[in-house]
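A.B. asks: Chains W and C, in that order, are what the protein sequence lines are.
Per our numbering, the first sequence runs over residues 1 to 481.
Per our numbering, the second sequence runs over residues 1001 to 1481.
Each residue gets a CB set at the ideal place from its N, CA and C atoms; glycine is no exception.
Below: one structure in structure tokens.
Number of protein chains: 2
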Amino acid sequence: MHWRAIIRLFGLLLMLYSLSFLPSLAVALVYQDGQWSVFLESLAATLSAGLLLWLPNSHRESELSVRDGFLIVALFWALLGVFGALPFILGLHLSLTDAVFESISGFTTTGATVIAGLDRLPPSILYHRQQIQWLGGMGVIVLAVAVLPLLGVGGMQLYRAEASGVAKHEKPTPRIGETARVLWSLYFGLTAACALAFWLAGMTLFDAVGHAFATVATGGFSTHDASLGHYDSPLIEAIAIVFMLAGAVNFAIHFVAWRDLDVRAYLNDPETRVFGLTILGGSLFIAASLYWAQAYADVGSSLRHGTFQVVSIMTSTGFGTATFGDWPLHIPLVLVILSFTGGCGGSTAGGLKVLRVMLLVKLGVRQLFQFAHPRAVLEVKIGRRVIKEDVLLSVWGFYVLYIATCLLLTVAMMAAGLDLESAFGAVFTTVNLCGPGLGEVAVTFATVDPVVKWLGVFGMLAGRLEIFTLLILFMPAFWRQ
Amino acid sequence: MHWRAIIRLFGLLLMLYSLSFLPSLAVALVYQDGQWSVFLESLAATLSAGLLLWLPNSHRESELSVRDGFLIVALFWALLGVFGALPFILGLHLSLTDAVFESISGFTTTGATVIAGLDRLPPSILYHRQQIQWLGGMGVIVLAVAVLPLLGVGGMQLYRAEASGVAKHEKPTPRIGETARVLWSLYFGLTAACALAFWLAGMTLFDAVGHAFATVATGGFSTHDASLGHYDSPLIEAIAIVFMLAGAVNFAIHFVAWRDLDVRAYLNDPETRVFGLTILGGSLFIAASLYWAQAYADVGSSLRHGTFQVVSIMTSTGFGTATFGDWPLHIPLVLVILSFTGGCGGSTAGGLKVLRVMLLVKLGVRQLFQFAHPRAVLEVKIGRRVIKEDVLLSVWGFYVLYIATCLLLTVAMMAAGLDLESAFGAVFTTVNLCGPGLGEVAVTFATVDPVVKWLGVFGMLAGRLEIFTLLILFMPAFWRQ
Ligand SMILES: [K+]
Ligand SMILES: [K+]
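Here is the structure:
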């Protein structure tokens, strides 16, 4: 480990991050909500911490190894989670547990909350909360498009071609800096378009920007307790659907579509295609179930609520417009399965990712065929590309660790006092970065034991870091030279 | 397909099976419970059906292909299930649905029931019910030791060495007949020893034989509604533990231990070793949880109930001595995970099987190591044997299909009206061949919708036939020439 170089980097990062309190400070001053000192103190504390880390190590710049990279990625979310919690402690007087939970939930773009009474919160705190999600989204598209494919986390090496296509001039060493700049331009453009659309559809400018932050990042935080249900507007829901989907598609594909000004980029990508068809099929199935069970009187309402819920859960955004309470019992289960499937790789979405689920299904079918025709040589293909066996095994390893993490977290949460449904709900919603759970945590994590909240923090970090990147830090082999 | 040869074989099989009604007939006559005509009619009907199938095809004997083998194995359980249901229809006037459910539950050694008031049932019907499980166990050890390893179902090819070791003189063509004879001698010996032990421990001879049938077959049917809890005897529970474990160990290993009169055969087998350690660890964990939650006042009771429950669920037997109602909430979940793990391959137990779970875990860990050391060449090993990648992929395919089957069945059962907990309970207990479920089906399937019962029948057959062998029949590719 190049410890001092890592510490130097985090010093720089914290100093940079401290600037992100400035917009919140501006909001506090404009809305005169009395919170300006909170953000000034947070800024000062973060800047000082950054300087303290940086100064003694300012000359220790050095080449970082892959192992350093793992540590940096994992600490990045944990560290920003802690400093992003400052305004919740200083402004809302939340406990350390609650403040860190809320902040990590933001940075990982999960959107689970411990705060009730959002409508009465100071605007600057609300803004800070939305902005955390947006910054978390910025972090993750670079992680997912440029870093994970190189590390080859659980099949992510399949995205290498897409990743190297983003930086204009392909070079042996991937240029993460240039890739990041291109991705962030796209991300910024999508956010601006989303905010504009929300604003034109009738939101206040404040709400439009805040919800755009949470939509494109597939985060799901809202400035209202009733989430998007607050507006009861089909138009706003339709806009949210478009931009949630945009946030859950591989940003490298966005880049190609934008560069060539050609939407066929989406249709040509097997993962995006299957993602779209699953959203379509899932929406029709849920809408039909709702209509059949007479949860809604007309076809239109069934389609509206069915589609919104499917998109919101499968993209791992977690905006709500309706409660599941009156819905037929098998619907929540289908939504949970879609949540595990998740969005596309290289996006801000959580879950296993569509491509991995495609490989799972294709391998299951292949083994069945192989079994019927023992001598046939059958390949697993994605589009026209043949997937090698080591990649398949890599995806399998990912899958095993994902399931094992979920099972152990569920047992631990039950031991900490949750019932089965709530524990499972808390686990699927944190690990898949979704937001709303089931049972006791259907709406908020406010009432659960602190142990459950810390387990949730672990779940969110594990989900955001694609399990491997977090678990590897707990392996002695990683720390040995 | 050699249809007429297959039909001829089933004719012979049914004629043979019709003889199994004779012991029940004898019980009816000895206990004078008025059911003798039921068994005479069942015998006559089964014998006639067998003759009807056999006579027109008696000269159509021919070499059977592997494809024929799949059909025979799948139809074997379905067909015996239907004819084994006759006494339930004729004697207890159950509906066709209920009778077939009960019979398939017996033949697959699941042990889920739709009958309440067992203590008041005619002895001959009770005997028939226990005997079904024993016969199902006979069928499955031959299937699991001699047939599945040759077909290579989801990693079962790993058992080929053990399988060929059972028949004394190794030959290129495996001699299923000789293997079956050896296995059945062992099975018969274990059953006799179990019955004797139960009898000496205080059961009536009738109960001792009946429970021995259900114990060695890891079936779990009982002649009392309170199951083994009826006796409230630590000695009887200890005997049941020993023989449930025996039923859940690979019979090829039993054979080696018996041939060499050396218990090290068990310790030398990696799967049996891990199985034993999991049982030990699971029992201690559950006992500690029970004591910690003060579900039982003393350490002894906690250990007694914890161990029995772990053995009963993990061996997929499903005998009960206590209800989970007062137990801490995470215990049922741990038991469900153990139930999915299941017993060893080549045994009468259900579940994924210990060896497959070992491969799942080892691959997960290997991928994590590989990730920390990208250039290392790491092998997955069971004992000293290196597992090839095609076997790993075959196990993965199995796992995917297993999970997919469980998820789809759960959704279907919820659509048929069960709540989430009950649907999940009904699925895990049927597919894993366990017996008792959760929620509405915690004790009996009597009250659920007929659709749920038929879904349960499908689940039990899928579990018994290791998914592949059943699903392959639904593939067009299988039926094409
Ligand atoms: K989310
Ligand atoms: K059983």
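Do three or more CB pairs link the region 1461-1476 of chain C to the region 1143-1156 of chain C at distances below 8 Å?
C.D. replies: yes
A.B. asks: In the DSSP assignment, find the unbroken alpha helix (DSSP H) run with Pro476(W) in it and report its ends.
C.D. replies: 476-479
A.B. asks: Please state whether DSSP places Glu170(W) in a helix, a strand or coil.
C.D. replies: Bear in mind that a pLDDT of 46 at Glu170(W), under 50, signals an unreliable position, so the model cannot answer this.
A.B. asks: Kindly list the residues whose CB is nearer than 7 Å to the CB of Ala1217(C), restricted to its own chain and excluding five residues on each side of it in sequence; keep chain order.
C.D. replies: For Ala1217(C), same chain residues with a beta-carbon under 7 Å away, outside a window of 5 residues either side, are Thr1109, Gln1133, Trp1134, Gly1136, Gly1137, Gly1247, Thr1348 in chain order.
A.B. asks: Let me know the secondary structure DSSP gives Ile313(W) once reduced to three states.
C.D. replies: helix
A.B. asks: Excluding the 5 residues flanking Val1528(C) on each side, which residues of the same chain have their C-beta closer than 8 Å to its C-beta?
C.D. replies: For chain C, the structure presents residues 1001 to 1481; residue 1528(C) sits outside this window and is missing.
A.B. asks: Which residues does DSSP list as the beta-bridge partners of Val1386(C)?
C.D. replies: Lys1381(C)
A.B. asks: For Arg1304(C), collect the residues of the same chain with a Cβ closer than 8 Å to its Cβ; drop the 5 residues on either side in sequence, then sort them by chain order.
C.D. replies: Pro1234, Glu1237
A.B. asks: Rounded to whole angstroms, how far is the Cβ of Met1414(C) from the Cβ of Ala1423(C), which I believe are closer than 8 Å?
C.D. replies: 5 Å
A.B. asks: Return yes when the Cβ of Ala1416(C) is within less than 8 Å of the Cβ of Gly1456(C), no when it is not.
C.D. replies: Going by C-beta atoms, Gly1456(C) is not nearer than 8 Å to Ala1416(C).
A.B. asks: Establish whether the CB of Thr1278(C) and some CB of chain W are separated by less than 8 Å.
C.D. replies: no
A.B. asks: List the residues of chain C whose Cβ lies closer than 8 Å to the Cβ of Leu471(W), in chain order.
C.D. replies: Leu1368
A.B. asks: What does Asp419(W) reach in chain C if we use C-beta pairs closer than 8 Å?
C.D. replies: Leu1329
A.B. asks: Beta-carbon of Gly1139(C) versus every beta-carbon of chain W: anything under 8 Å?
C.D. replies: Interface flag for Gly1139(C) against chain W is unset, since no Cβ pair is found closer than 8 Å.
A.B. asks: Are any of the Cβ atoms in chain W nearer than 8 Å to that of Val1400(C)?
C.D. replies: So yes, Val1400(C) belongs to the interface.
A.B. asks: Just how far apart, CA to CA, sit Gln294(W) and Gly220(W)?
C.D. replies: 28 Å
A.B. asks: If we cut at 8 Å on Cβ distances, does His373(W) have a partner in chain C?
C.D. replies: yes
A.B. asks: Rounded to whole angstroms, what is the Cα-Cα separation between Gly346(W) and Ile1104(C)?
C.D. replies: 48 Å
A.B. asks: On the premise that Val73(W) lies in contact with Val182(W), defined as a C-beta separation below 8 Å, what is that separation, rounded to the nearest angstrom?
C.D. replies: That pair is no contact at about 20 Å.
A.B. asks: For a test of the three-state rule: what should DSSP assign to Cys1344(C), helix, strand or coil?
C.D. replies: coil
A.B. asks: From Tyr291(W), Val311(W), Val256(W), pick the residue whose C-alpha is nearest to that of Leu277(W); which is it?
C.D. replies: Among Tyr291(W), Val311(W), Val256(W), the Cα nearest to that of Leu277(W) belongs to Val311(W).
A.B. asks: For the candidate residues Ala1477(C), Tyr1402(C), His1330(C), whose alpha-carbon lies nearest to that of Leu409(W)?
C.D. replies: The candidate whose alpha carbon is nearest that of Leu409(W) is His1330(C).
A.B. asks: Taking only heavy atoms of ligand 2 into account, decide whether any of them is closer than 7 Å to the Cβ of Ala434(W).
C.D. replies: According to the sequence shown, residue 434(W) is Cys rather than Ala. Incorrect: Cys434(W) has no Cβ contact closer than 7 Å to ligand 2.
A.B. asks: Does chain W have any CB closer than 8 Å to the CB of Ile1176(C)?
C.D. replies: Interface with chain W (8 Å Cβ-Cβ cutoff): Ile1176(C) is excluded.
A.B. asks: Taking any Cβ of chain W, which residues in the region 1328-1349 of chain C have a Cβ under 9 Å from it, in chain order?
C.D. replies: Pro1328, Leu1329, His1330, Ile1331, Pro1332, Leu1333, Val1334, Ile1337
A.B. asks: Kindly list, in the order they appear in chain C, the residues whose Cβ is closer than 8 Å to that of Phe478(W).
C.D. replies: Ala1372
A.B. asks: Starting from Trp1396(C), find everything on chain W with Cβ-Cβ shorter than 7 Å and list it in chain order.
C.D. replies: Leu363, Trp396
A.B. asks: Please tell me whether Thr1410(C) has its Cβ less than 8 Å away from any Cβ of chain W.
C.D. replies: yes
A.B. asks: Taking only the alpha-carbon atoms, compute the straight-line gap between Val1030(C) and Gly1091(C) and give it to the nearest angstrom.
C.D. replies: It is roughly 17 Å from the alpha-carbon of Val1030(C) to the alpha-carbon of Gly1091(C).
A.B. asks: With burial defined as no fewer than 16 other Cβ atoms inside 10 Å of the residue's Cβ, what is the status of Thr447(W): buried or exposed?
C.D. replies: Its Cβ having fewer than 16 others within 10 Å, Thr447(W) is exposed.
A.B. asks: List, in chain order, every chain C residue whose beta-carbon is nearer than 7 Å to that of Phe468(W).
C.D. replies: Chain-ordered, the chain C residues with CB closer than 7 Å to the CB of Phe468(W) read Leu1368, Phe1371.
A.B. asks: So the alpha helix (DSSP H) Gly425(W) belongs to, where does it begin and stop?
C.D. replies: 420-431
A.B. asks: Span of the alpha helix (DSSP H) holding Asp1068(C)?
C.D. replies: 1066-1084
A.B. asks: My output table needs one value for Thr1218(C): the three-state DSSP class, helix, strand or coil.
C.D. replies: Residue state, collapsed to three classes: coil.
A.B. asks: Report the three-state DSSP secondary structure of Glu61(W) (helix, strand or coil).
C.D. replies: coil
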